[in-house]
């Protein structure tokens with residue numbers, strides 16, 4: 002867990018562990034996706050007041066809404082050093098270093114001059130059994146945004 006987490010976000014992780022819940026279980030209770038919920042636990046996304054009330058009930062945290070930043074708080078996305086030092090995060094970073102230009106070229110060939118949105122993006126992680134060792138299937142489903150001309 003990054004040391005940059007606020008005390009309340011650390012408290013969310015402690016309560017999650019105490020209840021023995023997964024991000025998927027929490028996400029289903031909130032009607033959200035597990036990756037989005039995990040991002041919110043890290044302060045990289047923002048829960049609504051209604052989601053906070055549901056989360057407080059689920060995790061058994063009294064006064065959760067009062068202890069989180071008010072409506073003027075917005076996530077400061079992008080935790081940690083660059084390049085990242087955590088092995089899992091570093092391998093994701095490495096995948097962009099190695100395949101980034103190839104991915105960019107294929108996106109341009111298929112869509113034109115633009116980018117894949119991380120604002121309008123869904124990320125799914127699944128496990129795929131394989132005789133050589135289970136595979137991680139990571140899917141980024143982002144909206145294409147063409148560059149404007151003026």
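Residue numbers (the working numbering): 2 to 151. Heads up, the beta-carbon is just placed ideally off N, CA and C, and yes, glycines get one too. Keep in mind it's a predicted model, so treat the numbers as computed, not measured.
Please determine, among the options, the residue with the shortest C-alpha to C-alpha distance to residue i.
i           : options              : result
residue 155 : 137, 20, 78 and 49   : Past the edges of the chain, shown from 2 to 151, lies residue 155, and the structure says nothing about it.
residue 13  : 135, 111, 143 and 44 : 44
residue 76  : 27, 134, 132 and 41  : 41
residue 10  : 48, 151 and 32       : 48
residue 29  : 7, 129 and 55        : 55
residue 46  : 74, 64, 19 and 20    : 74
residue 141 : 64, 127 and 133      : 127
Considering only DSSP beta bridges, list what residue i is partnered with.
i           : result
residue 136 : 129
residue 147 : 115
residue 142 : 123
I think residue i touches residue j, with their Cβ atoms under 8 Å apart; what is that distance to the nearest whole Å?
i           : j           : result
residue 1   : residue 118 : No information on residue 1 is available, as it lies outside the stretch 2 to 151 that the chain covers here.
residue 15  : residue 80  : 18 Å between Cβ atoms; not a contact.
residue 114 : residue 143 : Their Cβ separation, rounded to whole angstroms, is 16 Å, which puts residue 114 and residue 143 out of contact at 8 Å.
residue 36  : residue 27  : That pair is no contact at about 12 Å.
residue 25  : residue 123 : The Cβ separation is near 15 Å, so there is no contact.
residue 31  : residue 52  : 5 Å
residue 91  : residue 82  : The pair is not a contact, with the Cβ atoms about 10 Å apart (cut-off 8 Å).
Original post:
Is the stretch 91-98 in contact with the stretch 43-63, if contact means three or more CB pairs nearer than 8 Å?
Top reply: These segments do not touch.
Subject >> Ordered list of alpha helix (DSSP H) runs contained in the stretch 31-95, each at least 4 residues >> reply: DSSP runs (the alpha helix (DSSP H)) wholly in the stretch 31-95: 35-42, 50-60 and 65-68.
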